[in-house]
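One structure is given here, and the rest of the page talks about it.
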Amino acid sequence: MGYEFNADEVFEVAEEIERNGAKFYRSVADSVSDRNNRKLLNDLAEMEDEHEQTFKTMRSQLSQDEKIVTTFDPEGESEKYLRALADTRVFYEKEIDANSLEEIYKTAITAEKDSIVFYLGMRDIVPEHLGKQKLDGIIKEEMGHIRLLSKELLELKK
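Counting with the working numbering, you get residues 7 to 164 for the letters of the sequence shown.
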């Protein structure tokens with residue numbers, strides 16, 4: 007069975023991804039002893055919180071057409087599918103060496119890239135008239151995180 011997702015469903019999952027990201031950053035920040043790096047990781051968690059709020063706002067601004075359920079799905083399978091992707095592919099819980107800032111940053115960059123790939127894939131699935139272009143805002147926000155994390159990773163290697 008194929009699924010067609012609307013922008014509302016994708017934004018809902020985007021909010022979940024951002025919550026998972028904030029949880030990840032706070033978790034690793036708690037294990038970092040260096041005050042400056044802990045602050046950076048907590049700042050990233052706050053950015054994820056802000057992105058979640060941005061996505062909530064974007065979601066609230068969707069038109070009724072962009073919220074229309076496009077497939078018969080009485081069991082809510084499409085929502086379960088999207089939620090499973092959010093919970094198992096982007097910022098999912100995994101074993102990392104929390105004492106290694108390099109590993110933390112690399113893991114975070116990978117998760118941010120995964121989120122962009124997720125959003126690009128969803129953008130291809132969401133029809134134009136259901137808010138496809140609004141997903142570009144999500145992608146732009148996540149690219150900013152990658153730039154920041156990459157800069158920090160390069161600084162560590164100097």
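In this text, a Cβ means the ideal position worked out from N, Cα and C, and glycines have one as well.
Model, not experiment: these values are computed from the prediction.
- Message: Considering just the uninterrupted stretch of the alpha helix (DSSP H) at Ala35, what are its terminal residues?
- Response: 13–37
- Put Lys164 into one of helix, strand or coil per three-state DSSP. coil
- Task: With DSSP as the reference, label Val123 as helix, strand or coil.
- Result: In this structure, Val123 counts as helix in the three-state DSSP scheme.
- Item | Residue range of the alpha helix (DSSP H) that includes Ala51 | 41–66
- How would you call Asn42, buried or exposed, if buried means at least 16 neighbouring beta carbons within 10 angstroms? exposed
- Item | Whole-Å CB distance - Glu108 paired with Leu162, under 8 Å assumed | Cβ-Cβ separation between Glu108 and Leu162: approximately 6 Å, consistent with a contact (criterion under 8 Å).
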